[in-house]
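Participant: The sequence shown begins at 5 in my numbering and counts up one residue at a time.
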Amino acid sequence: MALPGPLNRYLLLMAQEHLEFRLPEIKSLLSLFGGHFTSSQETYGKSPFWVLNIPSEDIARNLMKRTVCAKSIFELWGHGKSPEELYSSLKNYPVEKMVPFLHSDSTYKIKIHTFNKTLTQEEKVKRIDALEFLPFEGKVNLKKPQHIFSILEDYGLDPNCIPENPHNIYFGRWIADGQRELIESYSVKKRHFIGNTSMDAGLSFIMANHGKVKENDIVFDPFVGTGGLLVAAAHFGAYVYGTDIDYNTVHGLGKASRKNQKWRGPDENIRANLRQYGLEKYYLDVLVSDASKPSWRKGAYFDAIITDPPYGIRESTRRTGSQKEVPKGIEKCPESHVPVSLSYHLSDMFFDLLNFAAETLVVGGRLVYWLPVYTPEYTEEMVPWHPCLKLISNCEQKLSSHTSRRLITMEKVKTFENRDQYSHLLSDQFLPYQGHNSFREKYFSGVTKRIAKEEKSSQE
Ligand SMILES: C[S@@+](CC[C@H](N)C(=O)[O-])C[C@H]1O[C@@H](n2cnc3c(N)ncnc32)[C@H](O)[C@@H]1O
Numbered sequence: 005m006a007l008p009g010p011l012n013r014y015l016l017l018m019a020q021e022h023l024e025f026r027l028p029e030i031k032s033l034l035s036l037f038g039g040h041f042t043s044s045q046e047t048y049g050k051s052p053f054w055v056l057n058i059p060s061e062d063i064a065r066n067l068m069k070r071t072v073c074a075k076s077i078f079e080l081w082g083h084g085k086s087p088e089e090l091y092s093s094l095k096n097y098p099v100e101k102m103v104p105f106l107h108s109d110s111t112y113k114i115k116i117h118t119f120n121k122t123l124t125q126e127e128k129v130k131r132i133d134a135l136e137f138l139p140f141e142g143k144v145n146l147k148k149p150q151h152i153f154s155i156l157e158d159y160g161l162d163p164n165c166i167p168e169n170p171h172n173i174y175f176g177r178w179i180a181d182g183q184r185e186l187i188e189s190y191s192v193k194k195r196h197f198i199g200n201t202s203m204d205a206g207l208s209f210i211m212a213n214h215g216k217v218k219e220n221d222i223v224f225d226p227f228v229g230t231g232g233l234l235v236a237a238a239h240f241g242a243y244v245y246g247t248d249i250d251y252n253t254v255h256g257l258g259k260a261s262r263k264n265q266k267w268r269g270p271d272e273n274i275r276a277n278l279r280q281y282g283l284e285k286y287y288l289d290v291l292v293s294d295a296s297k298p299s300w301r302k303g304a305y306f307d308a309i310i311t312d313p314p315y316g317i318r319e320s321t322r323r324t325g326s327q328k329e330v331p332k333g334i335e336k337c338p339e340s341h342v343p344v345s346l347s348y349h350l351s352d353m354f355f356d357l358l359n360f361a362a363e364t365l366v367v368g369g370r371l372v373y374w375l376p377v378y379t380p381e382y383t384e385e386m387v388p389w390h391p392c393l394k395l396i397s398n399c400e401q402k403l404s405s406h407t408s409r410r411l412i413t414m415e416k417v418k419t420f421e422n423r424d425q426y427s428h429l430l431s432d433q434f435l436p437y438q439g440h441n442s443f444r445e446k447y448f449s450g451v452t453k454r455i456a457k458e459e460k461s462s463q464e
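1. Hey, could you find the ends of the beta strand (DSSP E) residue 375 is sitting in?
2. For the putative contact between residue 111 and residue 143, defined by C-beta atoms under 8 angstroms, what is the C-beta separation to the nearest angstrom?
3. Tell me, to the nearest whole angstrom, how far the beta carbon of residue 182 is from that of residue 64; I am working on the premise that it is less than 8 angstroms.
4. Given a cut-off of 7 angstroms, decide if residue 231 and residue 201 are closer than it, judged by their beta-carbon atoms.
5. Quick check: the Cα distance between residue 403 and residue 196, rounded to an integer number of angstroms?
6. Quick check on the burial criterion: 16 or more other C-beta atoms within 10 angstroms. Buried or exposed for residue 361?
7. Under 8 angstroms: do the stretch 138-158 and the stretch 167-186 share three or more Cβ pairs, one atom per stretch?
8. Would you mind working out which of 239, 294, 213 and 425 sits nearest residue 369, comparing C-alpha positions?
9. Quick one: complete alpha helix (DSSP H) runs, 4+ long, within the stretch 207-241?
10. Residue 446 by DSSP, collapsed to three states: which one?
11. Could you give the DSSP three-state label for residue 95: helix, strand or coil?
12. When the Cα atoms are used, what is the spatial distance from residue 218 to residue 417?
13. Which of the three DSSP states, helix, strand or coil, is assigned to residue 35?
14. Hey, could you find the ends of the beta strand (DSSP E) residue 245 is sitting in?
15. By Cβ distance, which residues of its chain are closer than 8 angstroms to residue 467, with the 5 residues on each side in sequence left out?
16. Please confirm whether residue 378 and residue 407 have their CB atoms less than 7 angstroms apart.
17. Mark residue 440 as exposed unless 16 or more other C-beta atoms lie within 10 angstroms of its C-beta, in which case mark it buried.
18. Using DSSP with H/G/I as helix, E/B as strand and the rest coil, what is residue 102?
19. Would you please state the rounded distance, in angstroms, between the beta carbons of residue 115 and residue 145? I believe it to be under 8 angstroms.
20. Assuming residue 434 contacts residue 427 under a Cβ cut-off of 8 angstroms, what Cβ separation, rounded to an integer in Å, is found between them?
21. Beta strand (DSSP E) containing residue 128: first to last residue?
22. In angstroms with no decimal places, state the Cα-to-Cα distance between residue 301 and residue 285.
23. My output table needs one value for residue 65: the three-state DSSP class, helix, strand or coil.
24. Around the C-beta of residue 18, are 16 or more other C-beta atoms found within 10 angstroms, so that it is buried, or is it exposed?
25. Output yes or no for whether 7 angstroms exceeds the beta carbon distance between residue 293 and residue 324.
26. Quick one: grab the DSSP three-state call for residue 302.
27. Report the CB separation of residue 222 from residue 190 in whole angstroms; it is logged as a contact under 8 angstroms.
28. Mind checking whether residue 410 and residue 400 have CB atoms under 7 angstroms apart?
29. Going by DSSP, name the residue or residues bridged to residue 77.
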């Protein structure tokens, strides 16, 4: 296959939110649609303008049907650091590539998009008039044009230091918008069934995208809560399944999380959430089950495991069991037995989760989960490892001045063998990091210290 040349350049206009999550999202989606992330741009840090090579317009359109991190994509016709540079780059763009969109039977409109500066109407008109050297032969139609072209001007990121002239100017043919509107239409504020830790809609879609969820996949959430992550996966056409240790959550019983409502109403459950969005056909089931004791037959059957395990801050980290030592092999309980629960250490939880994913994911399937960290102590070595799973991305979301959670994405790269579950005994590198266990104490000690500091400074 020929390498995409400079003529396959596209401009992505990214949303300025969840900056760290953007690159893994775009890379994951491109690989899902058979593309490859290639670009001559050096950094994608904070800028909303990304120039990439994409092999075809179809792949670009598929990408936009999924992304919540990108706002729009344009076929890039020209780029420069000054108007003159832009015009000469446009003059070099092959006319035969422009003509299908500019011929006399077509209608078009030119839009201006600026970042970090607002232009007057007069300035905008001037910029459009300066493009008259392009062979536009169609008619202008502002309401329903067949083709939309955009001039995009980048005035940098610092709102306190806006330059007179843009750093970069782009001109391109608009191809498609991304899925930003899902953030509003799936907002948990309007969701039928929610809990204290329901996952934000935008992040749920990002997680499903990092997990490369696709139509007819089977997606599992072992800490399902109110099913926020299942909703996003089902929206992308996956069949969804979950478990949670909490009977009330799974059955939609108990206290409501909304203000002005004491108890959960009838039919407040995950299935009803999917129904709310017309996705009920993707509901497989949710069960009460303890993630530390998975009740699954051996085998690889999940295409993705996407989950938000408890950190012990707003929900407890519990597992079934007894404080008394039970000799291995006689753990079976009579059916009438109601198990008591004991604390589930975070390090054990992540260790179990990785082992479970390594065993039950199909090869190529992805595990996406949140890892809470105490930032002053964080190092990459703390991220749990497994010999069957390759780390794909690790993105930080700050929670407070001293804590954050990291969205970890791993891909299963080899078939699970029995000895893999004992990998931590064979190599130190797979030993669970025990420091996660004190996350709760550190979180609250930080909060307590901060409150004490704030109180002290308000008294001074
Ligand atoms: C952070 S919440 C998940 C929220 C969920 N993503 C949502 O959108 O509602 C974590 C969930 O894990 C559950 N949980 C805690 N310990 C568990 C265990 N040992 N096995 C299964 N679920 C557990 C809690 O009951 C809680 O519902």
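Positions of the beta carbon are idealized from the N, C-alpha and C atoms, including for glycine.
Just so we're clear, the structure is a prediction, and the values are computed from it rather than from any experiment.
Facilitator: Quick answer:
1. 365-378 is the span of the beta strand (DSSP E), which, as asked, contains residue 375.
2. Indeed they touch by this definition, with Cβ atoms about 5 angstroms apart.
3. Between residue 64 and residue 182 the Cβ distance is about 11 angstroms, and since that is not below 8 angstroms, they are no contact.
4. Their beta carbons are not under 7 angstroms apart, which means residue 201 does not touch residue 231 by this criterion.
5. Their backbone Cα atoms lie some 26 angstroms apart in a straight line.
6. So residue 361 counts as buried.
7. In this structure the stretch 138-158 lies against the stretch 167-186, because at least three pairs of beta carbons, one per stretch, are closer than 8 angstroms.
8. Out of 239, 294, 213 and 425, 213 has the C-alpha closest to the C-alpha of residue 369.
9. Within the stretch 207-241, the complete alpha helix (DSSP H) segments at least 4 residues long are 232-239, listed from N- to C-terminus.
10. The three-state secondary structure of residue 446, taken from DSSP, is helix.
11. Assignment of residue 95 by DSSP, reduced to helix, strand and coil, places it in the helix class.
12. Pairing residue 218 with residue 417, the inter-Cα distance amounts to about 19 angstroms.
13. For residue 35, the three-state secondary structure derived from DSSP is helix.
14. For residue 245, the uninterrupted beta strand (DSSP E) run begins and ends at 243-248, by DSSP.
15. The structure shown does not extend to residue 467, since the chain is modelled only from 5 through 464, so no value can be given for it.
16. Yes.
17. Buried, since its Cβ has 16 or more Cβ neighbours within 10 Å.
18. DSSP, reduced to helix, strand and coil, places residue 102 within a helical segment of the structure shown.
19. No, residue 115 and residue 145 are not in contact; Cβ-Cβ is about 13 angstroms, not under 8 angstroms.
20. Correct: roughly 4 angstroms between the Cβ atoms.
21. Careful: residue 128 lies outside any beta strand (DSSP E), inside the alpha helix (DSSP H) at 125-133.
22. Roughly 24 angstroms separates the two Cα atoms.
23. Helix.
24. Taking a 10 Å sphere around the C-beta of residue 18, we find 16 or more other C-beta atoms and assign the residue as buried.
25. No, the pair does not count as a contact, with Cβ atoms beyond the cut-off.
26. In the structure shown, residue 302 sits in coil (DSSP, three-state: anything other than H, G, I, E or B).
27. Rounded, the Cβ-Cβ distance is 21 angstroms, inconsistent with contact.
28. The answer is yes: Cβ separation under 7 angstroms.
29. For residue 77, which the question treats as bridged, DSSP gives the partners 16 and 180.
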